[in-house]
Structures are given as structure tokens and as C-alpha cells.
Amino acid sequence: MSAALLTRPRADWRGGTVLMALLAPILLVNVLTFLAPVINLAMLSFRGSGPGGSIQEGLTTATWTSLLTDSFYWEILLGTVWTSLLITFLTLLCSYPVALWVSRLGARWRNLMMVVCISPLLVSAVVRTYGWMILLGDQGFVPGVIRAMGMTPPRLLFNETGVIIGLTEILMPYMILSLLAGFGKLDRTLEDAAGTLGARPFTVFRRIVLPLSLPGLLLGCLLTFVLAVSSFITPKLLGGGRVVLLATEIYDQAIVTLNWPLASALSILVLVVFGAALAVYGQLSKLVD
Amino acid sequence: MAIARAPHAAGEAPRDAAPAAGLNSVHLTLEALEKRYGNLPPSVSALSLQLRQGELLGLLGPSGCGKTTTLRMISGLVPVTAGRILVAGRDVTALPPYRRDMGVVFQAYALFPHMTVAENVAFGLEMRKVSRTEAKERVMRALGMVRLEALADRKPRELSGGQQQRVALARALVIEPSILLLDEPLSNLDAKLRDEMRNEIRDIQQRLGITAVFVTHDQVEAMAICDRIGVMRAGRLEQIATPLEMYERPTTPFVADFVGRMNHLRGTRLEGGGVRVGEAVLATAGTSPAGEALLLMVRPHRIQMTPAATAQPEAAGRNVQPGTVRRVTFVGDALHYEVAMGAETMLVESSTVSGPQSFAVGDAVFLAWSPDDTLTFPAGTEA
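Top line first, the protein sequences correspond to chains G and E. If you read the first sequence in UniProt numbering, its first letter stands for residue 1, the second for the next number, and so on. If you read the second sequence in UniProt numbering, its first letter stands for residue 1, the second for the next number, and so on.
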């Protein structure tokens, strides 16, 4: 805070132009590679689609009208948000203890375990998804274990369960990284202080550790949610075409049906979902602070 | 030095008096406390001491001497390797921190950043299931004690260091702990605030009559407010005594050096009591076998300096030695002289107010001091 006050006069004096000059390249890249394509995409959603994937001249709201009035798309939207929220919650549940444990290790072990935690990112999500297909398939490892325990395994592949299991594991490294960033600020003496004031270990967790890790937790949830909404390879493969989410539908419309205006409109819908997620994140962050 | 009683403490039991057995009951007992980490040499070993109810003990020592580890063992944050901790006769060695009922003030305050000042102070009461109305009243009383009622609804980050420190103190005291533990509570404050806060801590400790242990590496701080001081070195308690006794009669050269500046002289005991140091023969208070190699220590401000032009000061029994001023350093409230005395260099400290005159480099002088101010230790004990 005080640092910002100290540096501001200098920035006003001459830093303004320097700052702009330094920002210009990234601004340019963003305009060219993000803003322009998004505007193009939005424009495309207002064009008509003809047979064989042709795009008609002239603007029309037909795509949007059918999109917003057809309950099929509303179901996909709600289904996607719900599944992604569930995946986010499960990812958080699986990642929090791991991140907490890693953050408490000594410096050397912590660095090693951090590498271990994020090492799945070194393997492509496609490869990991195929791995899950082998593990979850009817003759796979997981149903085998369940059978060995004398129970009938439920279907784990080519349905929503498979998608949720796969995406939860695939998104865990992002959640763990976000949580670790938040835990970094957690001072162990705060827990000591709470202990000497009479708080039992679980109370210390509930009243001190959890509230102070909320910023990292929220960030991790936002990141995981956004990635869950936008992932399509894993749902496509583990869902076996039976699980329809926004991202897989966009893929089908763009690549299979060749209805680019509809794919564009659905993409804009995904952006709206992201916008809403960001807004919720912003509000919650303010509450936490 | 800081042995003079702070004015605020006037009227209270004289803390310079040696602890009178039976006057106050023993409240905290440490019995042969030891802490080891792995195969390393023990961080703390063979530490035994007793604190009376209402006594303020300073644990003093250089960093890494084990004083903070000792404090953390008392609070239960660090498990002991061996030994016992008794509070009012009850063995608490095996109890976790949350069942020990001790108030701890941490070096970096450790205030909960997501709670207001009032919530921070109320935390301990909440854990003790004190009713909301009573808790509110006690929180305000505790904040009143440290004069921070007006800031009850602020977050810790909006407070200055001194204010945070007072919140930490209020939070530790509001639970009316059986023992107050302070871990270098003043080291993050600036010099002026530090003096203020240490007096405030002493005032409150006296008013509540609470038994307290105060860890510090600053001897002035410890001398100023503690009833007794324990000097620690490499995990062991070197000496435990009142500030005055510690300053005047340190039992080891380490303690002597730690609680104030010292001149070091090396000599050999002669037949008949004197000690030969270079050419000179000095008188000392103690006695030891002739021929023993000795380390002599004299406090710089106990040496009186007079110009050699005037007659040699006639003082029966005093050590009087000629010397030459080599360096003068003005430090505000005192003048530090380095005086060549034979082959030795003596540091002499004189007050700028009461000093009869000041000396310049090259002046020939006489140094005079009492044998009582000449501490003797067997050579080799200072390592």
C-alpha cells in the first residue's frame, strides 16, 4: 500500500509513457489473437447456415432464436454447469488435503512433492483419458477391484460417472497449485496462537486455516470450473458420445454437422458462463477479504 | 545502566530482593527439562527453575541459546524430550497447548488477520465457551487495559506495530491464563516504543499479579522489568539471579559479558592476595590459590579517571594505574575512552553530565577502581 503511494508520483511524471510502451506489445497480441476472433465469432453467429456447411450472406437472428427457444440447449447449458460444479467440488475435496500436506513439508520435500503433484500436466490429457478408459472399462482395474470385494461394479465408462472421475483427476493439478499459492501465506504461528488460546486441532482448522485459505480455494475453483466447462476431449472419450456438454456439442456442430453459426452461438454462450463465473468469483472474493 | 528501578514500579515489592522462600508459593516448576532434535546436541538440557506466583522471569541469551525452545516447551507447542513442567503442583508436561491455560504473546504477534481486534481478543473466550455478553464485557475490559477500546472493530493490518503488540497482549491476558509467556514481544518495535511497551507489560503483569516468562536477547530490557533473570547459553541455564545480582556478581565470564560491557585482563594470583597483570599488581575482592591463572573483569563505568597532572588519587585499597587516552567516543549520554594501561587497553565510560572534566587523546591519566568491582574467574572459563 505504502509502496504504491511512493511509486505513483514517479509513474505520473514519466512512467506513463514507458508503461504504455511496455504494455503495447501484449495489448496488440491480445487484440489480434483474442478480441478480433471473438468479435468474428460473434458476427458468425448472426449468419445463416446453408446445406453442406456453407455460410449464407446477410445477417439473421435465426440461430439465436432457435438456440434460446429450444429446451434441448437449455438442458445442455444447465447440465454442463451442474456437471462442472460437481467436478469442481470433487476436485477441491481431493486436492485440499494433498495441498495442505505438501505445504507443510520441509522446503526440500515440498518442492519435490510439488513437482510430483503437477507432473500429470506433463502427460497429455488425451493420454491420461485413455488411461482412465483402461482403468474404468468393464474388464478394467477398478471394476475388477470392486468385483474382488464381492460387489457388482456400476458402469463407470461411457456415462457421466466416467466423465466426472476422469475430469476430477485431470484438473487436480490446477487446483493443487492454486491452493498451494494460497497456503503460502498461512503462518504456522497463527495456528500455534489459536492452540494456546484453547482451540483444538479441528477448531484451528475450521476457524483459522480454512478461512485464510479461501482466496486460493476460490481461485482454484474458478480455474477448475472454467477448465471443466471448456474441456471436450475427456467428456467425448469417457462419455462415449452419450454425455452431451456444451463443449462437446460445439465440437459436433463445428466438425461433424458443419453448422458454424450454431457452433459460434454456443461458444458465445460458453463465454457468458465464464463471465458469470468470474462475476460470482469477484463477489465471493470481496466477501472473503 | 538499567539497574535503576523504573519509576512506575515504585511502591511494589522490591524486586531486587532475593526470592524469599515461602513468601510466595511456587507457581511454575521446570524439572531437568531437555529438548533434542534427532541426533543433534540438545537444544535445551538440564534446565531446572522455580517461579513464584506473580514473578516475572526474563530468559536472556544470544540467538540459538534455547530460550525460545524453553518457552515453547512451557506452552506445549514443542514436546519435551525429558523432564517435567509443573504448574501449581500439577504436572502439565503431557498436556497439549489447548489444555494448558497459558497466554502466549508471539514475537510477530500472530494476530488472526481475518478477524477484527475484538474478535481476536474474544477468540480465547469463545474457546472457553464464555457467554457472549460476558465475553463482550471482558474483551472491552482487556482492550481498555491496553487503551485500544476505540480500535475494537479494526482489522489487525490497519494497526501500527505497537497497537498490534497491545492487541496480542490483551488477547493473551483476557483468558486470565495461569502463566503469561512472552516471546521477544518487543523486538519488532522501534526503540522508543520498546521502552514504553516494556513498562506497560511490567505494569499490567504487576497489576494482575500474573506469573510470567519473558524471553529476550536484550539485557537492558530484561534488567528493566524482570524480577529475576535466567541467562542461557547453548541450551543450559548459566545463571539465574536478580538483575542487580546478575550485574554485580555474575558467576561466569559469559554472563558478565552478556549483561553489560566488560574490560578483560589476564593475570596470575600472587602470594598475599594480589593479582599480577603485566607490570601491575591489582587487588581483588575474592581469593584463590597462588599461581592460578585468572581472568579479571571490570565494568567500564566503575573506573574513575583523573588527570595525571594532579596528584595521584589517594584511595586506600583502590587499584590505581597510570594510562594514556588513545581514543574518545562521544555517544550522547556518555563518553567512551580507550585508555592504554601498560600492555592492556581499558575501556572507561563516564557520564557526560556528572563527569568532572573530559579528556583528549594523548592525555596522561590515572585509572582508579575498587577491588570490589574487580571480578575474578579462573582463566579458560570464558570460552
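We put the CB at the ideal spot given by N, CA and C, even for glycine.
For the set Glu55/E, Leu33/E, Leu375/E and Pro156/E, the Cα lying nearest the Cα of Gly209/E is the one of Glu55/E. By the rule that beta-carbons nearer than 7 Å mark a contact, Arg233/E does not touch chain G. Using a CB distance cut-off of 7 Å, Tyr37/E does not count as an interface residue toward chain G.
No Cβ-Cβ contact shorter than 7 Å links Ala125/G with Ile255/G.
Secondary structure note for Phe214/E: its beta strand (DSSP E) is the uninterrupted segment Thr211 to Thr216. Taking C-beta separations shorter than 7 Å and ignoring five residues to either side along the sequence, the partners of Glu238/E in its chain run Val231, Met232, Thr252, Phe254 and Val255, following chain order. Within chain G, the residues whose beta carbon sits less than 7 Å from that of Ser75/E are Thr196, listed in sequence order. If you check the CB distance, Arg147/G and Pro154/G do not come in under 7 Å.
Distance between Gln56/G and Leu100/G, taken at the CA atoms: about 55 Å. By the Cβ test, the segment 119 to 133 of chain E is in contact with the segment 178 to 198 of chain G, since at least three Cβ pairs between them sit closer than 8 Å. When Cβ pairs closer than 8 Å are counted between the two stretches, the segment 141 to 153 of chain E is seen not to touch the segment 186 to 198 of chain E, the count staying below three.
Here Ser288/E is actually not in contact with Leu181/E; their C-beta atoms are around 40 Å apart, not less than 8 Å. Contact of Arg90/E with chain G is not assigned, every C-beta pair being separated by 7 Å or more. Asp195/E and Ala224/E have their C-alpha atoms some 9 Å from each other. Not a single C-beta of chain G is nearer than 7 Å to the C-beta of Gly161/E. The criterion of a C-beta distance shorter than 7 Å is not satisfied by Leu217/G and Ser285/G. Residues of chain G with a Cβ closer than 8 Å to the Cβ of Tyr337/E do not exist; the shortest Cβ-Cβ separation is about 43 Å. In the DSSP secondary-structure assignment, Tyr281/G is not bridged to any residue. Proximity of Leu19/G to chain E, defined by a Cβ-Cβ separation below 7 Å, is not satisfied.
Secondary structure of Asn263/E (DSSP, three-state): strand.
Shown in chain order are the members of the segment 212 to 233 of chain G whose Cβ falls below 9 Å from a Cβ of chain E: Leu212 and Leu214. Taking a 10 Å sphere around the C-beta of Leu282/E, we find 16 or more other C-beta atoms and assign the residue as buried. For Pro250/E, the secondary structure class from DSSP, reduced to helix, strand or coil, is coil. Neighbours of Leu190/G in chain E, taken as residues at a C-beta separation under 7 Å, are given in chain order as Ala110 and Phe112.
Annotation: the continuous alpha helix (DSSP H) that includes Ile146/G extends over Phe141 to Ala148.
Around the beta carbon of Arg166/E, a 10 Å sphere encloses 16 or more other beta carbons of the protein chains shown; the residue is thus reported as buried. 7 Å or more divides the Cβ of Ser54/G from the Cβ of Asn259/G.
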